[in-house]
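One structure is given below, encoded as structure tokens.
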Amino acid sequence: TGLTANITQPAILMWNTFGNLGTETTEPSTYNNPNATAASLSISGATPGTNANRFGGTNWGTTTSVDLTKYIQFTVTPNSGYQFTPTSLSFIWDRSGTGPNTLAIRSSADNYATNLGTITSLPGSTSTVNTITLSGLTDVQQATTFRVYGYGATASGGTGGFDTAVSQNNVILYGSTSLITGSTARSEEHT
2 TGLTANITQP
12 AILMWNTFGN
22 LGTETTEPST
32 YNNPNATAAS
42 LSISGATPGT
52 NANRFGGTNW
62 GTTTSVDLTK
72 YIQFTVTPNS
82 GYQFTPTSLS
92 FIWDRSGTGP
102 NTLAIRSSAD
112 NYATNLGTIT
122 SLPGSTSTVN
132 TITLSGLTDV
142 QQATTFRVYG
152 YGATASGGTG
162 GFDTAVSQNN
172 VILYGSTSLI
182 TGSTARSEEH
192 T
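Be aware that the sequence shown starts at 2, since it is given in the numbering used here, and climbs by one per residue.
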């Protein structure tokens, strides 16, 4: 079963890297919550490679702690009158034997100072769904950028990135959106 088939909670944004050459520096979202705008993934610090169906590359952090210069980022922008609460990021991450095995997520809410969630000992497999539970952000009313830092690579040439062997949404930010109390924005909910 694919990652998309396992949706059991509301999503804010989704991406599908299937069909990528691996050299992409941006990846447009395939889904956005009706109360938030579409958003692209972008890569910084790491060097896009040539791994098919992947959004990632080489030159990830080779230390055992976050390298603030190497990340994949995206911005969640709630529509006017709405707020959002991110709860988790589910994804498929593939890597070479020397690629990054640890990811941490931080946000612009505190200028990327603290981890909202981490995952270690990532397998190198396009069939394993990984989930990072996010904590610390609730009812966010302004555009917020999230950075996914890859580190723990054992060689600068080690590869890693969001990847999938079949066409599916393989990167999903779960969470909820809601009307800001007192807002006059029109609800997007259909009954």
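Ideal placement from N, C-alpha and C gives every residue a C-beta, glycine not left out. Keep in mind that this is a model prediction, so the values were computed, not measured.
F19 sits close to T165, with the two beta carbons spaced by under 8 Å. For V172, the enclosing beta strand (DSSP E) begins and ends at V172 to L180. DSSP places A166 outside both helix and strand once states are collapsed to three, so it counts as coil.
The beta carbon of T51 lies closer than 8 Å to those of L22, G23 and T24 in the same chain, with the five residues before and after it left out. Contact annotation: A37 and P101 have beta-carbon atoms that are not nearer than 8 Å.
Between T59 and G159 the beta-carbon gap is near 7 Å, inside 8 Å, which marks them as a contact. Each of K71, A40, L42 and T64 was checked against the Cα of T48, and the nearest Cα belongs to K71. Contact between S108 and F147 is confirmed by a C-beta separation of about 5 Å, below the 8 Å threshold.
L104 is classed as buried because its beta carbon has at least 16 other beta carbons within 10 Å across all chains shown. Taken through DSSP and simplified to helix, strand or coil, S89 comes out as strand.
In chain order, I133 and L174 place their CB closer than 6 Å to the CB of L90, counting only its own chain and leaving out the 5 sequence neighbours on each side. The residues T63 and T99, in chain order, have a CB closer than 8 Å to that of A156 in the same chain once the five nearest residues on each side in sequence are set aside. The Cβ-Cβ distance between L123 and N112 does not fall below 8 Å.
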